[in-house]
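Student: Numbering (my numbering), first residue to last: 40 to 440.
1) Given a threshold of 16 other Cβ atoms within 10 Å of its Cβ, counted over all protein chains shown, does residue 69 qualify as buried or as exposed?
2) Could you say if the stretch 146 to 156 and the stretch 186 to 205 meet the contact criterion of at least three C-beta pairs nearer than 8 Å?
3) Following the continuous alpha helix (DSSP H) through residue 105, name the residue where it begins and the one where it ends.
4) Are the stretch 195 to 213 and the stretch 107 to 115 in contact at 8 Å, needing three or more beta carbon pairs?
5) What's the gap between the Cα of residue 141 and the Cα of residue 184?
6) Just tell me which of 118, 94, 119 has its CA closest to the CA of residue 107.
7) Hey, which unbroken runs of the alpha helix (DSSP H) at 4 residues or more fall wholly within the stretch 231 to 268?
8) Once you ignore the five residues that flank residue 57 on each side, which residues in its own chain have a CB closer than 6 Å to its CB?
9) Using only CA atoms, which one of 65, 262, 161, 343 lies nearest to residue 250?
10) My guess is that residue 60 and residue 131 are in contact by the Cβ rule of under 8 Å, so how many angstroms apart are they, rounded?
11) Pull up the distance between the alpha-carbon of residue 74 and that of residue 272, whole angstroms please.
12) Pull up the distance between the alpha-carbon of residue 150 and that of residue 221, whole angstroms please.
13) Return the Cβ separation of residue 276 and residue 284 in integer angstroms, given the expectation that the two are a contact with Cβ distance under 8 Å.
14) In three-state DSSP terms, what is residue 172?
15) Can you tell me whether DSSP reads residue 100 as helix, strand or coil?
16) When you compare only the Cα positions, how much space is there between residue 194 and residue 260?
17) Using the Cα positions of residue 279 and residue 96, report the straight-line distance between them to the nearest angstrom.
18) Tell me whether residue 352 sits in a helix, a strand or coil according to DSSP, three-state version.
19) Answer yes or no: do residue 196 and residue 253 have a C-beta to C-beta separation smaller than 7 Å?
20) Where does residue 197 sit, in a helix, a strand or coil, going by DSSP?
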């Protein structure tokens, strides 16, 4: 009974679009299983049928793709075995839930449709090129393009954009990895699969998917009125090991210049010497779209939004711990509400953004308390001055009498 209630509460927290994605994945995959099973029952040569158990009306069969153009989208929501279906459904639930709350349903729908369709199209073109090079007809009729590997690879790019420094614990906290390094792990896994199992479809979907996701977020995705993310932290070279940066940076700059001349993407004015601390006196000035300041403000808003989401999940546990704390500690807590303005703030650890965000939030909370104390002190001083004046006037009147 408790397990069913827990499962029900977990499913109730999943946004509507993510539920629709998972439902579509399960429905199309089960439909393809039924089609393959009936095809085996009615086949004259079961051995020949077993050689290919795909569904050309849902997945992409390269030789028949032009006759079924809708498969360039439906193939992404089709896993050809039960284990892959279960794994994909769980990953889609977790990733889709986070991204839909961070971006909104409309933006997530657009992102999934673009990455799913284009990764399948580019993989299909790669299979055709392999056929023309090798003249092997198995590339056309024995290989099927399907699965959510391209979409999941694009999800990793989205997470690198939102929470690049977040750590994921694996094997009971024995292994931790930063979110920004997950794309390298996925790429390495695709290379191993290509060498050991000749998984050419999986290899193409993974590597094409994250490139398409990066192009969309880098140049076309709108966030707070700003088109794209032109920050240095999200450059293409940051997806590769550091020792390759001097080699790749000139190449990426040349390709970027060609795309700008062709009108594929627009250039953005950037100044990476921008200093956040120098903006304390001109916060009221609205930043220009595409400028470094606008990019910094957008990233700050995203970080604060992620912090609010994290604090909202920890609110019940915080309320429980505060209710169990003795009331005698209240004076001590009041004594440290507002730090002295003259005392220097301790330096924040480099790379630990959560400490910085929590310090900003503490300063925001402490500011009203400091103002209230200042007002109280001013009122007390005024009252004391008035009383002293009145006492002095009474003494002068007594002397005159």
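Virtual Cβ for every residue (Gly too), placed ideally from N, Cα, C.
This structure is a prediction, so every number in the text was calculated from the model and none was measured.
Tutor: Let's see:
1) Walking along the chain shown from the start, residue 69 turns up at place 30. Residue 69 should be labelled exposed.
2) Contact between the stretch 146 to 156 and the stretch 186 to 205 is present, because at least three Cβ pairs lie under 8 Å.
3) Here the question's residue 105 lines up with position 66 in the chain shown. First-last for residue 105: undefined, no H or E at that position.
4) The stretch 195 to 213 vs the stretch 107 to 115: no contact.
5) In the chain shown, counting from the first residue as 1, residue 141 sits at position 102. In the chain shown, counting from the first residue as 1, residue 184 sits at position 145. Their backbone Cα atoms lie some 30 Å apart in a straight line.
6) Here residue 107 refers to the residue found at position 68 when the chain shown is read from its first residue. Out of 118, 94, 119, 94 has the C-alpha closest to the C-alpha of residue 107.
7) Counting only runs that start and end inside the stretch 231 to 268, the alpha helix (DSSP H) elements of at least 4 residues fall at 239 to 254.
8) Position 18 of the chain shown, counted from the first residue, corresponds to residue 57. Taken in chain order, the residues that qualify are 135, 136, 139.
9) Position 211 of the chain shown, counted from the first residue, corresponds to residue 250. Among 65, 262, 161, 343, the Cα nearest to that of residue 250 belongs to 161.
10) Counting from one through the chain shown, the residue named residue 60 turns up at place 21. Counting from one through the chain shown, the residue named residue 131 turns up at place 92. Contact between residue 60 and residue 131 is confirmed by a C-beta separation of about 6 Å, below the 8 Å threshold.
11) Position 35 of the chain shown, counted from the first residue, corresponds to residue 74. Position 233 of the chain shown, counted from the first residue, corresponds to residue 272. One C-alpha to the other measures close to 47 Å.
12) As a first step, residue 150 must be located in the chain shown, where it is residue number 111. As a first step, residue 221 must be located in the chain shown, where it is residue number 182. Straight-line Cα distance between these residues: approximately 19 Å.
13) As a first step, residue 276 is located in the chain shown; it is residue number 237 there, counting from the start. As a first step, residue 284 is located in the chain shown; it is residue number 245 there, counting from the start. For residue 276 against residue 284, the beta-carbon gap comes to about 5 Å, under 8 Å, which counts as contact.
14) For this step, residue 172 is matched to residue 133 along the chain shown. Looking at residue 172 - three-state DSSP - the assignment turns out to be helix.
15) Counting from 1 along the chain shown, the entry for residue 100 is found at position 61. DSSP places residue 100 in coil when its eight states are reduced to three.
16) Within the chain shown, residue 194 is the residue found at index 155, counting from 1. Within the chain shown, residue 260 is the residue found at index 221, counting from 1. Roughly 14 Å separates the two Cα atoms.
17) The sequence position of residue 279 within the chain shown is 240, counting from 1. The sequence position of residue 96 within the chain shown is 57, counting from 1. When rounded, the distance between both Cα atoms is 37 Å.
18) As a working mapping, residue 352 is identified with position 313 in the chain shown. Residue 352: helix per DSSP, three-state reduction.
19) The count along the chain shown starts at 1 and reaches residue 196 at position 157. The count along the chain shown starts at 1 and reaches residue 253 at position 214. Yes, the pair counts as a contact, with Cβ atoms nearer than the cut-off.
20) Numbered from its first residue, the chain shown carries residue 197 at position 158. Correct three-state label for residue 197: helix.
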